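When you read off a place in the sequence shown, starting at 1, and then add 142, the result is the number in our numbering.
Using N, Cα and C, we set each Cβ at its ideal position, and we do this for glycine too.
Since the model is a prediction, treat every value here as computed from it, not as a measurement.
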Amino acid sequence: MKRTFSVAPMLDWTDRHYRYFARLISRHALLYTEMVTTGAIIHGKGDYLGYNEEEHPLALQLGGSNPADLAHCAKLAEQRGYDEVNLNVGCPSDRVQNGRFGACLMAEPALVADCIKAMQDVVSIPVTVKTRIGIDEQDSYGFLTDFVDTVAATGCEVFTIHARKAWLQGLSPKENREIPELIYERAYQIKRDFPQLNISVNGGITSLEQCEAHLAHLDGVMVGREAYQNPYMMAEVDRRLYGDDRPVLSRAEVAQQMIPYLERHIANGGRANHVTRHILGLFNGMPGARQWRRYLAQNAHLPGVGAEVVADALASLPDAARAA
Ligand SMILES: Cc1cc2nc3c(=O)[nH]c(=O)nc-3n(C[C@H](O)[C@H](O)[C@H](O)COP(=O)(O)O)c2cc1C
């Protein structure tokens, strides 16, 4: 598994339907689940670990800070076939802070190390960390270095650094993805100071050109919102970042391949819009992008709608978009 390009974990966005769709666009991108808390896995009623085989390479992101619970969940993840388990040390939401996990764990590197160690002890897949560059006033390079140093001492070799700090009070999670300044240099410096670690950077990346520029300094890039809102940006990932020249599906072919998937989903009792809501951005930047989005948004939630809604949305587009 090469982590040159990954799609960020995003609650409510990177569910199994989105990930199936993203995989049609890039064969190589490493995909992350939404954050799943240890509490949900251990006490919840649903199956929080389900996915489609096609999604590999696939990492499960866990939220939690109890080493035994995390170890239990990591073991389940390995048994279910996940390729990696990642610990969330970046989410600043109040709910997560109340559970004493997410970004606030940056203040407790020894606890993070215990969590990582507990997981490593029971699985052989990589156990990795996604973190910020700091929290609140603790935003010096030294603070980040100490954190990485302590966690890496467990043998953890893979870090993804969201290159802005988080304010734990006063900003919403959304504001915490926009307001604190992006300082990519911090991630570059970590790579220079810990050359043996695999370091990816995350935050504000919107093009393949930017990915390539970061990759001159780092092992990987992680893209979140752009990969969701403009998913076809991933169509060049395999060729440009992985040197894989095999042809990629056109936008229309991707849409067509979602039809049998949607048929299966509906046959299993699912609703069309649970899938189609993730594919609204497919034609972004093309003539017909708004028509595609509008057709699906207006029709896919109606009672009794079947997979033909995607074919109909496609048929409603101008020829130029369908050929692209
Ligand atoms: C809707 C949404 C949900 C998110 N959920 C998670 C999450 O579950 N776990 C996590 O580590 N980060 C989460 N994030 C943060 C992203 O993983 C990423 O760090 C952030 O969006 C910055 O990257 P970007 O600028 O490429 O979007 C979420 C972001 C968004 C937009």
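Apart from sequence neighbours up to five positions away, the residues of its chain that approach residue 405 with a beta-carbon distance below 7 Å are 449, ordered along the chain. When DSSP states are grouped into helix, strand and coil, residue 441 belongs to the helix group. Contact holds between the region 258-270 and the region 288-300, because three or more Cβ pairs, one in each stretch, are under 8 Å apart. In the DSSP assignment, residue 274 forms a beta bridge with 304. Residues 393, 462, 463 and 466 of the same chain have their beta carbon placed closer than 8 Å to that of residue 428, with the five preceding and five following residues left out of the count.
Setting aside the 5 residues that flank it on each side, residue 239 is surrounded in the same chain by 246 and 310, each with a C-beta closer than 7 Å to its C-beta; the list follows chain order. Just so you know, the alpha carbons of residue 371 and residue 444 end up roughly 23 Å apart. Under the criterion of beta carbons closer than 8 Å, residue 146 and residue 326 do not qualify as touching, at roughly 17 Å. By the CB criterion at 8 Å, residue 374 and residue 167 fall inside the cutoff. Here the region 283-294 makes no contact with the region 315-323; the two share fewer than three CB pairs at distances below 8 Å.
The residues 414 and 441, in chain order, have a CB closer than 7 Å to that of residue 447 in the same chain once the five nearest residues on each side in sequence are set aside. For the alpha helix (DSSP H) assignment, the uninterrupted runs of no fewer than 4 residues enclosed by the region 397-446 are, from N- to C-terminal side, 414-418 and 431-441. Look at residue 181 here: in three-state DSSP terms it is helix. In this structure, residue 363 keeps its C-beta atom at 8 Å or more from the C-beta atom of residue 377. Residue 272 is classed as buried because its beta carbon has at least 16 other beta carbons within 10 Å across all chains shown. In the displayed model, residue 176 falls within a strand according to three-state DSSP.
In the DSSP secondary-structure assignment, residue 226 is bridged to 201. Straight-line measurement puts the Cα of residue 234 at about 6 Å from the Cα of residue 315. By DSSP's assignment, residue 148 forms a beta bridge with 172 and 364. Remark: the shortest separation between the CB of residue 346 and any heavy atom of ligand 1 falls under 7 Å. Per DSSP, reduced to three states, the secondary structure at residue 194 is coil, with no helix or strand assignment.
With respect to the C-alpha of residue 425, the residue from 408, 395 and 407 having the closest C-alpha is 395. In this structure, the CA atom of residue 330 is about 45 Å from the CA atom of residue 453. Under the 10 Å beta carbon count, residue 436 is surrounded by fewer than 16 other beta carbons and is classified as exposed.
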